[in-house]
Amino acid sequence: MEAKKIGCYICTGCGIAEALNVAALEKIASKEQKLPVARTHGFLCGAEGLQMIRDDIANEGVNALLIAACSHRVKTDEFERFGTPLLDRVDLRDKALWVQDISAGKEAKEDLQMMAADYLRMGSVKLKKMNAPDPFQDEGFSRDVLVVGGGIAGLTAAKEVAATGYRAIVVEKSPALGGMVARMHKVSPTLPPYRVLEENPIQGLIAAVQGESRIKVYTNATIQSTKGAPGLFDVEIKNGDTVSTERVGSIILTTGYNLYDASKLDARLGYGVSPDVVTSLEFEEMAKAGQLVRKSDGKPAKRVLFSLCAGQRDANHLEYCSGACCTYSLKQALYVLEQQQDGAAFMLFQEMRTPGQMEEFYRRVQEEGGVIIKGDVEQVGKGASGGLSVQITDKLLRGKETLEVDLLVLATGMISTVDTQDPNKPSPVGQVAEETAKSVLNLEYRQGRSMPELKWGFPDSHFICFPYETRRTGIYAAGPARRPMGIAETVTDATGAALKAIQVVEAVAKGAAVHPRSGDLSYPSFRREGCTQCKRCTEECPFGAINEDDKGNPLFNPTRCRRCGTCMGACPQKIISFANYSVDMIGSMIKEVEVPPADDEKPRILIFACVNDAIPALDMVGQKRGALSPYVRIIPLRCMGSMNLVWIADAMSSGFDGIMLMGCRHGDDYQCHNVRGSALAEIRLSKVSETLNRLQLESSRVKMVEINIMDADQLPTIINEFAEQIGSMDLNPYKEF
Amino acid sequence: MAYDLSFAQDVYKNSEMGHWIKMCKQCGVCAGSCPLGPHWEYSPRQLFQLVRGGKKEEVLKSSSMWMCTSCYNCIVRCPRGLPITHIVHGLARYASVKGYADPDQVTNRFATKIFWGNIVSTGRVGEALLTMRLYFVDGLASGIKRGLEMKDSALGMLMTKRLNPIPIRGKIKGYAGFTAMIAKAQELEAKREAGA
Amino acid sequence: MADDQAAGRTILVVGGGISGLTAAVEAAEVGYTVLLVEKEPQLGGRVSQHFQYFPKLCSPSCGLEINYQRIKNNPRIRVLTLAEVEAIIGQEGDFTVRIRQHPRFVTEKCTACGECGKACTALVSNPFNFGMDQVKAIRNSHAMAYPNWYFMDADYAASAEARSLPCPVGAIDPDMTATVLEEKVGSIVWATGWQPYDAEKIHPYGFGRHANVSTNMRFERLANSYGPTAGRLLRPSDGKEVKKIAFIQCAGSRDHNHLPFCSRVCCLASMKQATYVREQYPDAQITIYYIDLRAMDRYEGFQKKVETDPGITWIKSKPARIDEDPVSKDPIVIGENTLTGIRYADSYDLVVLATGMEPTSATTARVPGNNAAYDEYGFVVKGGQVLSSGCAAAPLDVAGAVQASTAVALKAIQAAAKRG
Amino acid sequence: MKEYTFFPGCSSEKNASAANMEHSVQALCKILGIQLNEIDDWNCCSASIGYAGGGQLPRLAMSARNFALAQQQRGMTDLVATCAACWLAMRETAERIEHEPQVRADINIALKEADLSYEGGIKTRHLVEVLIEDFGWDALKAKVKKPLTGLKAAGYVGCQTNRPFGIAGESFENPLYLDKMIEATGATAVPYAKKVACCGGALMFTEVEKSCALVRDLLQCAVDNGAEVIVTPCPVCQLNVEVYQDKINQLFGTNFNMPVIYYSQLFVLAWGGSWEDAALHQQVVSAEALRRFA
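Chains as they are written, first to last, in this note's numbering: chain R, 14 to 750; chain C, 47 to 242; chain B, 284 to 703; chain W, 774 to 1067.
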């Protein structure tokens, strides 16, 4: 690899020249940091300035760029497209000039100059410590997609994968494809005018899948084990006594749902007591068979009561709403009204939930005579002429009423079939969680065989902005396995999951990361001889990327890695690093800050800020010209999870007086893009007082705050109050050393 | 038995605009829109659910439908587009025809007997006679009392030539045809109302 | 594989809100070339005007920022702002589109240093805050805006001052004119999103007549620290703190006089906004009027959480009308509680109408030519030449829009791979 | 001269309660150049209260007869009504004839008994719509000879001129045309929250106290907003609000003495018509407050 030659380019526009001694900065770059090329330009992002840089790349052999100008918020097309991965932007403008009021006088101006000089030094050393990532490659990469589950979600996913030119392998545990939908009669409207029941699409879909040469189907099959990582998954598929192994690039989990067990419902609903109380799925099968009859005596079922929310939204059963059952029950009401002479359908609802265009379907069912009643079933008894006598609380007529009906249909809710583990209960050290082979995928992952759950047994990780993301890279859940949903939405969801599954195999082929650091080519490596087998990295990785060998050494799976650096932060031995991000790099940046002697009475405060939320928020402070203490120095981190405690010690021993960590919100409503990063940083920090005590320093010198991207207005107060608090303490005695 | 649909189905079929009752989603806008809302025993929304619930007696014996001032507020606000004013008028008529409505309910008596009788007797409204009939409906004594209460107003109307001192008005020229037309319409209406 | 297919096969995404952004980024990260066209000067669309997302109560800027990073890091995505698609010719696999790009009056030299804004004396009604405050005629639409590149209002560009504004890098060009581009694309995703239903059309609620009747989208801006009140919940008539507040659901939705469909998000949005009120005024009284509370599937957990707030009264009722107290300007909400049958006339400091989503494809963002199929509400549905996603296709919450847009990205890839 | 077929309605007959409206309407038409050709031998529209006695078909047949006569006598020329209830009944009948084939057929079976038939097609319009659409605001303003400057008037649109059909282009909750009419005469339209409130309608006959309470609120709102006069397009509103003031004062201990006039009276006065042309001598509550403009 050719030797690194750093060019430093200091922009003097946007008021930088007026506020700063640029010549002194240039001198730091060339003389102190000994960068081979150091230049200034009055309008660096203009055509001439950019040409100057390009000329140096072409003529001077410059291959690493230190751009000292503005923040990453602006001019990315200009400054970040030179084709070299060795690049750092020193933000003299937004995070220095714009947050300092130099009209206050000479001292303020000097403080700003010191700040700019420090940032330039930090950038220089960062670039010196930075290497170009060498993308992870493996000859065995597969682009095939495994689809687990052969219901409508799985079949759709497989069909879409194949239609995009990729191969899919479908594994279905039962003998036939089709899943739950195959047991259904018709489906709710998906097309305008949203009034007409549609034919069940499942048989057509099965035929399409079976006729597609790019799709291989295993029925009667389960997954015995899933080893490996995206691009390199080796999946053992068990069919009777036969076990086949398939190498796939990614996995879509479409195992669908189980219905909540109606026999667990309150006895007052009468399930199991009378055969005329049935679940909505049982009713569906009756309609499909053309047998809308009372099970008790075979007489036609003319009056049917549908009880929506049979266990859903109930702390004793399912706490959530199943999303689709209102529409589903309306569909079934229409079976009664369309198929039965003198049919009558009653919908006992809590909240009628027919979102979007389904409101029109609700109207249609009322038009056909479906009767809505807000209320609850109180008691189910035998009817006078067979069938049922159902006592209800009628909230609209405000009283108890008794309905004589032929059938009571309970719209039971959906439970995900993906075995999940609660992420808040990490497995005990040295043990693999969920030893039972019950899991769908039987992942051979250090952190357990199952998918980490978000809530209520659903396996995604971030269900607003990035709903497909799970905590197992390259494994996407779709359909009701991911979240309760109806058929139309399941088809959409499976199509989206197919895209994600294709996207990950394409990223893996390039050696690149997927969300949230899409395209990042770096990945962690470790120095085996330094490892003490403490297992913190393998336990803490939010994505389960690291396995262990027999001796407890970490086994990195680069294609599972999301490049957050949590392993690097966790490692007490400082032996995990990325080509362009390491403990040493940040530690060196800390040491590069020039700490004034104690009698200057100018404290230094280090801020570690997460690049996802805190850094943009700090950029906003600049944009709004907020005033920050001149004593702070900011270092961006990929994620708070990558924060290694040694930096605290480094900073303290370098003479910093206070340290602030700015991470994302954690807890139930976490905003950490790497799920656990900021939470882990907080846990680590709780141990920092030991370090400080050893140094005989107050633990209040280190503070962690949760910063939201919109906190620009609060940040000056947060930072300046901390700076004042630090200022009121004795300065760090280690300054003298 | 609740939610026996036979009453509802008869209303859907035979009461004017009755089929719209199916479409109510129980939002309550009608009740809040009604100028005499607080005086309704059941708001329109409640009436509709009672119809669907098979509560025939409650609905038809209620005075609610007779509280409609025909202001049409509910009709223009109903999010489901129910012609509520007409439905309520239809229910009132239904209750009256089926003999459930209290014949002494003031509005029932006025609307079904006095007003209608007044207009079909000549082809046009005879305001003076209408007013007199209204006042004297409970007999002479109370009629005089009511008349006296309003005597200043009546006097004012008379003096400003807005009340005819001769209460009986003549019939329209085509009265015979008019009457035959009404009779035919009533005949068809009766058939329809009987569910024929 | 994908790279080979991508050659010359561009996907056009129309609309740079969360749906269009998602479709663009997801397709580009598979390896396809994407042209993203946005009619506003900056991306982010409707969600960028929101203060927080339910149920996590986090800022939309956080997710938007990641998507902007993904664009910045991906040379396969080309973004055109202030641009509208004027014509579509051809069919799937082989479209030619004509795009009109309106003048920005500021060139790409802009460094967002803000000098021009400081010098500009022209204040205009701020569309980003629904006209609730004024803003400079040259600006970024909001703080987190991407691209971070100023623009100038067209009226102002014609003024003398526009010519004399300082710009250290010479980026201001008041003489800029519209340009028309022709592009070859393989598939088209219509992701033009929604606009808030015009609350003035809901006459019984008096928006526009009664000072203290507001809307949910305005309330989002009020709550936002970058909004017209710097995040303080104050009522418009007199700046009084909002201590007694009502949220009215289905203001314009599920209503044949307005939008017959359910807008899906408004119930949850009001619950979320109730948390804004509670955060600022721990003693505030909040009332939510609703027909059916539609906290679909897992959002039920959010409803349950909000329901634990004892200061919220839930009234199952669609209010009939809102009057205004002539002296205090308090809005008075009138209707019938359908669970008790009791009529109410309750006064509040502020009433927030949970207005629904009108697809812009029904009005200002029709698909040119006969290239789209619409349902009766104006949503773009299956059956035309263009694909649709997000709220151009159906009323959706953010997660649903992202889900649909990820799916449509794959359909767009498949369509672009067709040979026309 | 513009010609229209005219349906005056029962209250506009001689010595009927809206005789003042009819008189002023005629004066207004004369000034504007409108010829109203009254349907010969018309019958009552049955009004909305006709539902109970008449049911659906007999009620609709009554308006149908008027349409049939209008067509016989005047062809398909626009039919103008001045009374809110008449206009509404005719619009409803027209709509149902147009959209409900069974109703149209049944109506014709009944009409046949009177040797008439009607298949629809005549446009029913309110005189207000004629003024706005066929003449326009400028024309109405141009006629003003004695601007009613300083007069504070509360426009009371009421119900049936406003719902369910309403004057074309106007909002149900806040129609503006009446305020604009008031302003067109030079008077001031006071802001006023009760402009579309209900006066009780026909229930004033039967639910007197309940209806009087409605009118009391309405009068109070007008007084509170400084109105000297209430202006309305509707004969039921006019009657209920004007004539029951004594009763209301008696019931509620109030002291209302508010003149209630028609828009037509206001126009005639502003356009230079005499007190009598404007039929202002036919007010039960004296309209002397307007004398200064006469």
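The beta carbon of each residue, even a glycine, is placed where N, CA and C say it ideally should be.
Owing to the predicted nature of the structure, the values given are computational and were not obtained by experimental measurement.
- Per DSSP, the unbroken alpha helix (DSSP H) holding Ser1037 of chain W starts and ends at 1036-1043.
- Between the segment 131-148 of chain C and the segment 409-424 of chain R, the count of Cβ pairs shorter than 8 angstroms is below three; the stretches do not touch.
- When the alpha-carbon of Arg326 of chain R is set against those of R:Lys44, R:Ala424, R:Gln46, the nearest one is in R:Ala424.
- Annotation: the continuous beta strand (DSSP E) that includes Asn271 of chain R extends over 270-272.
- Taking a Cβ-Cβ threshold of 7 angstroms, none of the residues of chain W is close to His385 of chain B; the smallest such distance is about 33 angstroms.
- Counting C-beta pairs closer than 8 angstroms gives fewer than three between the segment 487-498 of chain B and the segment 403-411 of chain B, which falls short of the contact rule.
- Taking C-beta atoms under 8 angstroms as the contact rule, Gly565 of chain R and Gln586 of chain R fail to qualify, at a distance of about 13 angstroms.
- His85 of chain R has its alpha-carbon roughly 10 angstroms from the corresponding atom of Ile628 of chain R.
- DSSP places Cys120 of chain C within a helical segment (H, G or I) once states are collapsed to three.
- In terms of beta-carbon proximity, Lys983 of chain W lines the interface with chain C, with at least one pair separated by less than 8 angstroms.
- Nearest to Met581 of chain R by alpha-carbon distance, out of R:Arg573, R:Leu568, R:Ser595, R:Pro571, is R:Ser595.
- Bounds of the beta strand (DSSP E) holding Gln374 of chain B are 366-374.
- Here DSSP, grouped into helix, strand and coil, assigns Pro874 of chain W to helix.
- Between Phe569 of chain R and chain B, the shortest Cβ-Cβ separation is not below 8 angstroms.
- Distance check between Phe374 of chain R and each of C:Lys71, C:Lys59, C:Val57 places C:Lys71 closest, using alpha-carbon atoms only.
- Residue contact with chain B for Arg126 of chain C: present (Cβ-Cβ distance below 8 angstroms to some residue of chain B).
- With 16 or more other Cβ atoms from the protein chains shown falling within 10 Å of its own Cβ, Asn570 of chain R counts as buried.
- Rounded to the nearest angstrom, the gap between the Cα atoms of Arg646 of chain R and Gly652 of chain B is 57 angstroms.
- Taking the Cα positions, Val624 of chain R is about 49 angstroms away from Ser293 of chain R.
- One Cα belongs to Leu809 of chain W, the other to Thr855 of chain W, and the distance between them is close to 11 angstroms.
- For the C-beta of Asp613 of chain B, not a single chain W residue is nearer than 9 angstroms; the gap to the nearest is close to 13 angstroms.
- Between Ala912 of chain W and Ile1003 of chain W, the C-beta gap is not smaller than 8 angstroms, which leaves the two residues out of contact.
- In the three-state scheme derived from DSSP, where H, G and I count as helix and E and B as strand, Met653 of chain R is classed as helix.
- The Cβ of Glu980 of chain W sits closer than 8 angstroms to at least one Cβ of chain C.
- The residue from C:Ala236, C:Ala200, C:Gly189, C:Arg208 with its alpha-carbon nearest to that of Tyr1017 of chain W is C:Ala200.
- Of all alpha-carbon atoms in R:Gln216, R:Cys574, R:Ile182, the one lying nearest the alpha-carbon of Arg260 of chain R is that of R:Ile182.
- DSSP places Val418 of chain R within a strand segment (E or B) once states are collapsed to three.
- Listed in chain order, the alpha helix (DSSP H) elements of length 4 or more contained wholly in the segment 599-680 of chain R are 627-636, 659-666.
- Near chain B, meaning a CB-to-CB distance below 8 angstroms, the residues of the segment 55-75 of chain R are Phe56, Cys58, Gly59.
- With fewer than 16 other beta carbons inside 10 angstroms of its own, Lys59 of chain C counts as exposed.
- With fewer than 16 other Cβ atoms inside 10 Å of its own Cβ, Ser699 of chain R counts as exposed.
- Counting only runs of 3+ residues, the beta strand (DSSP E) found wholly inside the segment 269-340 of chain R occupies 270-272, 290-292, 316-323, in chain order.
- Residue environment for Gln875 of chain W: exposed (fewer than 16 other C-beta atoms within 10 angstroms of its C-beta).
- Under the DSSP assignment, Glu373 of chain R falls in the alpha helix (DSSP H) whose first and last residues are 371-380.
- For Gln232 of chain C, the closest Cβ of chain R is not nearer than 8 angstroms.
- A direct Cα-Cα distance of roughly 13 angstroms separates Lys102 of chain C from Ala138 of chain C.
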